[in-house]
Every structure is written in structure tokens, then in C-alpha cells.
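Take a look at the structure below.
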Amino acid sequence: MPAQPAVEPLEFTGSAGARLAGTLYHPSAGSEVVGAALLAHCFTCSKDLFTTTRIARGLAGGGYLTLAFDFTGLGESGGELAETTVATNVRDLTQAAVALIRRGAGPCVLVGHSLGGAAAILAASRLHTVSAVVAVASPASAAHVEHLFGADSLRRIREQGAGEVVIGPRPVRIGRDFLDDLHRHDVSAAAAQLERPLLVVQAGADSVVGRRQTEALAAAGSATLHTVAGADHLFSDRPHSDELVRAILDWLGEQRAPR
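At position 233 of the sequence shown (counting the first as 1) the number is 233 in our numbering, and the numbers step up by one without a gap.
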């Protein structure tokens, strides 16, 4: 059995001034460190979701010093989710990249899941220390996330300024600014202008972000597209998450290879 990576907590200040909680995954002692990676979790998820931890441990096992963190208002991080937007997520990612640099780690690979992948693509344009981007089950349009809310919830949030929606196991409070901000970001255009290697991994049985979205994102960014057949949006089955990690590591290895 491969050695489990050592982990340590890492806190830093987010874009809104709140303290953000992160976990730093270290490659096992004595193994070669080949780079650094920064993970962006899915919408309303956390750094401790099994999807994120499996990717983080897999990257560390492949030699990447890896930082996973909770966006503002989620998980163990401070702040209010209802006051966040895609733009604040992008700025949180920027702050997380700075935290890695302060640890002497960089350049880094950005890996984002779902809306976190969209944020990673948007953030890469302002981060010169990003060498490559991996978008996992990510939409070509940030506004695609609106279909998760339902018409009644959308109307209530727009009328009242904020409201609760049920995404996953628990209700979360979303603000009107979040909905408005979704339409201000052109993820496909950002992918087209990325000028860095891009891998898009799609889940073959994804009912949250469908194949049309991931394939459109890959086409826009001239990306490598890898499909994990039969996988759901969270890559819940262990064989699917194992294939996801292998696909990411294999592709990153190709990017490091002399050309």
C-alpha cells in the first residue's frame, strides 16, 4: 500500500478578509517533489469532500505539494457564503496561490472541480505562477449552475436579496449578487485565451454538469479531453476517482516531459 501523504493545516486571509482554512498535503518522505498543486472544490462543497481529498492525496502521491482549501463561507473557513460570488472565489484562489508561494512552492498546477474548475480557469489569467490547469466536470458557462436552484428559488433570491437552496445534503444561503455575477464571467473565452495547457475531465454519467458543457469547454480551450466512463459528478465510485487521479497525473507527466 502506498504511503499516505503527511498533512498539515494552512490558514491564510481570503479576498473578503476572512480566515480561510486549508490542508497542505506533502509528498511522502524521500520521494521526489515534482511540483505544486492548488485545488478548488465544487460549488457549496469543501476541501474535505471525498472527491477533493482523493485528488489531493493522489497528487501528493505523485510528487505534488498540494493545497486544498475551503472557499469563503464554506467548510472551516470564515465569512458568509451569501456574500460570495464567482469573482470572490477567483480572488480566494489568488490568495491561496500566494500562500503557496510564501511556502516556497511554485509554479503550481490549478485543479478545479465543477464550478471550482471554472474559477480556476478564470483565476489562471491573473496568476503568472500557474503552469497548467485541470478542470474536472466543469461547465463551459458559469451561469449553468442556475439550473440547480429551480425557478421558485431563483425568483425568491432575486426578490428578497438572498435565500436558501438545497444543494447536496444541506440547505445553503445564496445571495442575489451571486446570481448576477454568474453572467459576468465568460469561462469559454477565458479558456480560449489561457495560453497554458488545459485538461478537461468529464464524468461520463454526469447529471449535474452534462457532457455538452464539458465538451464545449474542452473545445473552447483546445484542451485535452478525458472521459471517465460511467462516473457521476462527484466520481463517487472508487474506481472512477482512481481513474480521475491517474488521468490527471499522466497528463501532468506529459506536460513535464522534454519536448
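Yeah, the Cβ is synthetic: ideal placement off N, Cα and C, and Gly gets one too. Since the structure is predicted, the reported quantities are computational estimates derived from the model, not experimental observations.
Query, Result
"Under 9 Å between C-beta atoms of L59 and A99", "no"
"Option in D232, A132, E32 and T13 with minimal Cα separation from G63", "E32"
"Pair within 9 Å by beta-carbon distance, A137 and H113", "yes"
"Cα-Cα separation, S77 to A18", "7 Å"
"Buried/exposed call for M1, threshold 16 Cβ in 10 Å", "With a pLDDT of only 44 at M1, under the threshold of 50, the placement of this residue in the model should not be trusted, and no figure is reported."
"L59, DSSP secondary structure in three states", "helix"
"Sub-9 Å separation of L244 and A231 beta-carbons", "yes"
"Through-space distance from H144 to G73, alpha-carbon basis", "21 Å"
"Cross-strand partners of G175 (DSSP beta bridge)", "A162"
"Anticipated Cβ contact below 8 Å, V228 with V201, distance rounded", "7 Å"
"Any alpha helix (DSSP H) of 4 or more consecutive residues that is wholly inside the region 203-253", "211-220"
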